[in-house]
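Participant: Residue numbers (this note's numbering): 8 to 86.
Yeah, the Cβ is synthetic: ideal placement off N, Cα and C, and Gly gets one too.
1. The alpha helix (DSSP H) spanning residue 30 covers which residue range?
2. Give the straight-line distance between the Cα atoms of residue 72 and residue 44, rounded to the nearest whole angstrom.
3. Considering Cα atoms alone, identify which of 30, 39, 61 is closest to residue 51.
4. How is residue 68 classed by DSSP in three states: helix, strand or coil?
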């Protein structure tokens, strides 16, 4: 019991430097991963969180790039 609780508290502190994500989402990812996947959730929870955040970041960048390209390619109004 003590080892499990210490793992839940120490793991987010150890993993956050590699994931570059704030401690709170990593902690929630660890707890969600343990709940969903069992013991392998200590690794899979933060991994799923990191992949989801990367995909969201890629999607946002593509949407922003698309909006910029649409503004550049629009015909100029005639005066």
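Facilitator: Taking the definition as stated:
1. Your numbering for residue 30 matches position 23 in the chain shown. First-last of the alpha helix (DSSP H) with residue 30: 30-44.
2. As a position in the chain shown, residue 72 is number 65, starting the count at 1. As a position in the chain shown, residue 44 is number 37, starting the count at 1. The straight-line gap separating the alpha-carbon atoms of residue 72 and residue 44 is approximately 37 Å.
3. Start at 1 with the first residue of the chain shown, and residue 51 comes out as number 44. Checked all of 30, 39, 61; the closest Cα to residue 51 is 39.
4. Stepping through the chain shown from its first residue, residue 68 is reached at position 61. In this structure, DSSP gives residue 68 a helical state, which the three-state scheme calls helix.
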